[in-house]
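*Asks:*
Number of protein chains: 2
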Amino acid sequence: MDTVTGIFDNIKAIQIDNPADKIIAQLKQLVTSGQLKPGDRLPSERVLSERFGVGRSYVREAIMKLEFYGLLKTSPQSGTYVAGYGIKILDSMISDIIKINKNDFGALIEARYYMELNSAKLAAERRSETDIREIKSAINDYNEKIDKDLEAVEEDMLFHIKVAKATKNSAIESMILILAPDIIRYKIETDVCKRDLEKMAVQQHQDILDAIIARDAKGAQKAMATHLAKILDASTKHFLNNTDELEY
Amino acid sequence: MDTVTGIFDNIKAIQIDNPADKIIAQLKQLVTSGQLKPGDRLPSERVLSERFGVGRSYVREAIMKLEFYGLLKTSPQSGTYVAGYGIKILDSMISDIIKINKNDFGALIEARYYMELNSAKLAAERRSETDIREIKSAINDYNEKIDKDLEAVEEDMLFHIKVAKATKNSAIESMILILAPDIIRYKIETDVCKRDLEKMAVQQHQDILDAIIARDAKGAQKAMATHLAKILDASTKHFLNNTDELEY
DNA sequence: AACCAATTATTGGTCAACCAATTTTTGGCT
DNA sequence: AGCCAAAAATTGGTTGACCAATAATTGGTT
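Sequence order for the protein chains is A and B. If you're matching positions, the first sequence starts at -4 in this note's numbering and goes up one per residue. If you're matching positions, the second sequence starts at -4 in this note's numbering and goes up one per residue.
(1) What is the DSSP secondary structure of B:Glu124, counted as helix, strand or coil?
(2) Less than 8 Å between the C-beta atoms of A:Asp91 and B:Glu168, yes or no?
(3) Just to confirm, is the Cβ distance from A:Ile183 to A:Leu103 under 8 Å?
(4) By Cβ distance below 6 Å, which residues in the same chain neighbour A:Gln216 in space, the five residues on each side in sequence not counted?
(5) Could you tell me if A:Ser39 is buried or exposed, where buried requires 16 or more neighbouring beta carbons within 10 angstroms of its beta carbon?
(6) For A:Lys83, go through chain B and note every residue whose CB falls closer than 7 Å to its CB, in chain order.
(7) A:Val77 bridges to which residues according to DSSP?
(8) Would you check if the stretch 190 to 197 of chain A and the stretch 77 to 90 of chain A touch, i.e. whether three or more CB-CB distances between them fall below 8 Å?
(9) Between B:Arg210 and the rest of its own chain, which residues show a CB-CB distance below 6 Å, the 5 nearest in sequence each way excluded?
(10) Which class does A:Arg55 belong to by DSSP, given the choice of helix, strand or coil?
(11) Quick one: is B:Ala212 near chain A, going by C-beta distance under 8 Å?
(12) Could you compute how far the alpha carbon of A:Tyr137 sits from the alpha carbon of A:Gln198?
(13) Whose C-alpha, out of B:Leu204, B:Met59, B:Ser28 and B:Asp99, is nearest the C-alpha of A:Ser52?
(14) Is DSSP giving B:Pro14 helix, strand or coil here?
(15) Helix, strand or coil for A:Arg210? Go by DSSP, reduced to three states.
(16) Near B:Ala206, what residues of its chain come up, given a Cβ to Cβ distance below 7 Å and the 5 sequence neighbours on each side ignored?
(17) For chain A, is any of its Cβ atoms less than 8 Å away from the one on B:Leu204?
(18) If the criterion is Cβ atoms closer than 8 Å, does the pair A:Ser87 and B:Leu153 meet it?
(19) Using a Cβ-Cβ cut-off of 8 Å, state whether B:Lys173 counts as contacting chain A.
(20) Residue range of the alpha helix (DSSP H) that A:Arg41 falls in?
(21) Relative to the C-alpha of A:Gly74, which candidate in A:Ile89, A:Asp16 and A:Gly34 has its C-alpha closest?
(22) For A:Ala15, I'd like the list of residues in its chain whose CB is within less than 7 Å of its CB, leaving aside the five on either flank, ordered along the chain.
(23) Just to make sure I have the definition right: I need the residues of chain B whose C-beta is within less than 8 Å of the C-beta of A:Met170. Which are they?
(24) Output needed in chain order: residues of the stretch 59 to 91 of chain A with a Cβ under 8 Å from some Cβ in chain B.
(25) Comparing alpha-carbon positions, which option in B:Ile226, B:Asp99, B:Met195 and B:Ala166 lies nearest A:Asn164?
(26) What's the C-alpha gap between A:Ile156 and A:Arg46?
(27) Could you check if A:Gly50 is buried or exposed, using at least 16 other CB atoms within 10 Å of its CB as the buried criterion?
(28) Considering only C-alpha positions, which residue in the set A:Leu37, A:Tyr108 and A:Leu223 is nearest to A:Tyr76?
(29) Do you know whose CA, among B:Asp151, B:Asp228, B:Met110 and B:Gly29, lies nearest B:His200's CA?
(30) Identify the contact partners of A:Glu149 in chain B, using a Cβ-Cβ distance below 7 Å as the criterion.
(31) Taking Cβ positions only, does B:Gln198 come closer than 8 Å to chain A?
(32) Would you say B:Pro176 reaches chain A, if we count a Cβ-Cβ gap shorter than 8 Å as a contact?
(33) Between B:Arg121 and B:Asn13, what straight-line distance do the alpha-carbon atoms span, to the nearest angstrom?
(34) Given a threshold of 16 other Cβ atoms within 10 Å of its Cβ, counted over all protein chains shown, does A:Gly29 qualify as buried or as exposed?
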């Protein structure tokens, strides 16, 4: 069985969605079709796993995911319940959850850009002395790497995380945190951060910090915009290709 | 067993962190202590579950969570690997992940406020005709409910989701989506949306849509700010209590 | 010693079984 | 009938066992 085997043998029937996402899609249909109304109790995990023809693990995984997004609530020894929202919004949200993907770098960079503008602004308004110390420390780490002509993508990101921390807004901090790994990956893969940009960042970081220390919200936001402008531009080029008047 | 039972009987030894979070904390320590370096392969799930004294499910749950945040990468039949970031940022990010909680309503509302300002701006710049139709439809649904003097929290949220969709930025859309259920819960619990506010929203929604149709980015942003100002103010009161010069 | 095929061990992926707590049903009593 | 305690069934929580695919080892051949 070696000569007749063709080039297609390596092609595997890759499954695009993992089982949990498929189950989410099935649950969505239950809601859409009216078999599952807001506030209803889901069939037991065993029943669902049997009905969907998968193990209970996947059902539980799907439930956990939907619970994370606030669409289900499960109580021990009682059952899992659909959120009490209307069918329309339930349906819309489940659909959107399924197609959440973190692969759209353009969107990621852009979202990060706007998040960070607000982050800088709020940090300036609310920073504590501790925050300033931590941000300074992050800047030092970055500068040391740059002095030695080393890559400093992570140190840069750490600076931004510390700024986010100073906003005292856990939600904003979390979001920047979620974006961070992908931003790092993007920077490394696309090599957006050339050496000259990295050296410019040394001053830019300082400008941001100065504005934060001075509690100059507008100044901090502006300094952050300057800092992130280049990387946004670079990614927006690709992004603009498929946004203008896109009908889908 | 009824007379001697005291008021403490209802107190259960609630575990603050679920098992998965505990495991994440343990893994963090492995990284911090240098036993686990960036790029390393984790011990097998079986070994970890044995070492931590829990079932494999919890180890897998923890791994999935860390994978979602981009800190681990698992390959079938091979193993789970630590992201190739530096120890410092790894450590920082894991810490932050553990303490992510969606219970800080003040932070949630505020984050949503800023996200939506950007959402409106980008929607105005990039909206398609389809977007306009969908937003109009959402507005109609909302207005119908208000006309009948019914609660319309969800319809309002659906309007905002449709606007977010028009940004053509999946990351921003996802974030607003993640916040949505908690916003709804907040509105209902705190009853922030009085009847008069809801009626004002009818005009405000239309203003936002008009600006989006006119591709007036600044106008859309401003209209959105007006729309969300009240609810932000109400929540900021509570929020300000523990932010100013808070050392922790 | 060097190479290679067959065997064994290990991996994450998947599923079924057990557990304690709760709910429902049952069946006898008033 | 109505009530209440005991038993059975059902729940999510938790654990261990099995699977196919891969990696490591083995052992014989050159």
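Note that the Cβ used here is the ideal one computed from N, Cα and C, for glycine as well. Note that this is a predicted model, so its numbers are computed, not measured.
*Replies:* Reading it off the structure:
(1) Here residue 124 of chain B corresponds to residue number 129 of the second sequence, with the count starting at 1. Helix at B:Glu124.
(2) Here residue 91 of chain A refers to the residue found at position 96 of the first sequence. Here residue 168 of chain B refers to the residue found at position 173 of the second sequence. Taking 8 Å as the Cβ cut-off, A:Asp91 and B:Glu168 qualify as a contacting pair.
(3) The residue you call residue 183 of chain A lines up with position 188 of the first sequence. The residue you call residue 103 of chain A lines up with position 108 of the first sequence. Not in contact: A:Ile183 and A:Leu103 (Cβ atoms no closer than 8 Å).
(4) Position 221 of the first sequence, counted from the start, is the residue given in the question as residue 216 of chain A. Correct list, in chain order: Leu112, Ala115 and Lys116.
(5) The sequence position of residue 39 of chain A within the first sequence is 44, counting from 1. Result: exposed.
(6) Numbered from its first residue, the first sequence carries residue 83 of chain A at position 88. Correct list: Leu153.
(7) Mapped onto the first sequence, residue 77 of chain A falls at position 82. Beta-bridge pairing links A:Val77 to A:Leu67.
(8) no
(9) Within the second sequence, numbered from 1, the residue matching residue 210 of chain B stands at position 215. Only Ala119 meet the Cβ criterion.
(10) Start at 1 with the first residue of the first sequence, and residue 55 of chain A comes out as number 60. A:Arg55 falls in the helix class under three-state DSSP.
(11) As a working note, residue 212 of chain B is residue 217 in the second sequence. Among the CB atoms of chain A, none fall inside 8 Å of the CB of B:Ala212.
(12) The residue you call residue 137 of chain A lines up with position 142 of the first sequence. The residue you call residue 198 of chain A lines up with position 203 of the first sequence. Cα to Cα, the separation comes out at about 11 Å.
(13) On the first sequence, position 57 is the one that residue 52 of chain A refers to. Closest option to A:Ser52, Cα to Cα, is B:Met59.
(14) Counted from its first residue, the second sequence places residue 14 of chain B at position 19. In the structure shown, B:Pro14 sits in a helix (DSSP, three-state: H, G or I).
(15) Walking along the first sequence from the start, residue 210 of chain A turns up at place 215. Coil at A:Arg210, not helix or strand.
(16) As a position in the second sequence, residue 206 of chain B is number 211, starting the count at 1. Ala119, Gly214, Ala215 and Ala218, listed in sequence order.
(17) Here residue 204 of chain B refers to the residue found at position 209 of the second sequence. Not one chain A Cβ lies under 8 Å of B:Leu204.
(18) Here the question's residue 87 of chain A lines up with position 92 in the first sequence. Here the question's residue 153 of chain B lines up with position 158 in the second sequence. Yes.
(19) If you number the second sequence from 1, residue 173 of chain B lands on position 178. The residue asked about is misnamed: residue 173 of chain B is Ile in this sequence, not Lys. It does: the Cβ of B:Ile173 has a partner Cβ on chain A nearer than 8 Å.
(20) For the purposes of this step, residue 41 of chain A is taken as the residue at position 46 of the first sequence. Taken as a continuous stretch (DSSP letters only), the alpha helix (DSSP H) holding A:Arg41 covers Glu40 to Phe47.
(21) As a position in the first sequence, residue 74 of chain A is number 79, starting the count at 1. Nearest C-alpha to A:Gly74: A:Gly34.
(22) Counting from one through the first sequence, the residue named residue 15 of chain A turns up at place 20. Tyr53, Glu56, Ala57 and Lys60, listed in sequence order.
(23) Position 175 of the first sequence, counted from the first residue, corresponds to residue 170 of chain A. The answer, in chain order, is Ala106 and Met170.
(24) Within the stretch 59 to 91 of chain A, the residues whose Cβ lies closer than 8 Å to some Cβ of chain B are Met59, Tyr64, Gly65, Leu66, Ala78, Tyr80, Gly81, Lys83, Ile84, Ser87, Met88 and Asp91, listed in chain order.
(25) On the first sequence, position 169 is the one that residue 164 of chain A refers to. For A:Asn164, the nearest C-alpha among the options comes from B:Asp99.
(26) Translated into the one-based positions of the first sequence, residue 156 of chain A becomes position 161. Translated into the one-based positions of the first sequence, residue 46 of chain A becomes position 51. Roughly 45 Å between the two C-alpha positions.
(27) Start at 1 with the first residue of the first sequence, and residue 50 of chain A comes out as number 55. Flag for A:Gly50 reads exposed.
(28) Residue mapping note: residue 76 of chain A aligns to position 81 of the first sequence, counting from 1. Comparing Cα-Cα distances from A:Tyr76 to each of A:Leu37, A:Tyr108 and A:Leu223, the minimum goes to A:Leu37.
(29) Counted from its first residue, the second sequence places residue 200 of chain B at position 205. Considering only alpha carbons, the answer is B:Asp151.
(30) The sequence position of residue 149 of chain A within the first sequence is 154, counting from 1. Those are Tyr80, Gly81 and Ile84, listed as they occur along chain B.
(31) Here residue 198 of chain B refers to the residue found at position 203 when the second sequence is read from its first residue. No, B:Gln198 lies away from the interface with chain A (no Cβ there is under 8 Å from its Cβ).
(32) By 1-based counting over the second sequence, the position of residue 176 of chain B is 181. So, interface residue.
(33) Start at 1 with the first residue of the second sequence, and residue 121 of chain B comes out as number 126. Start at 1 with the first residue of the second sequence, and residue 13 of chain B comes out as number 18. So the two alpha carbons sit approximately 42 Å from each other.
(34) Numbered from 1 along the first sequence, position 34 holds the residue referred to as residue 29 of chain A. Classification of A:Gly29: exposed, given that the 10 Å Cβ count is below 16.
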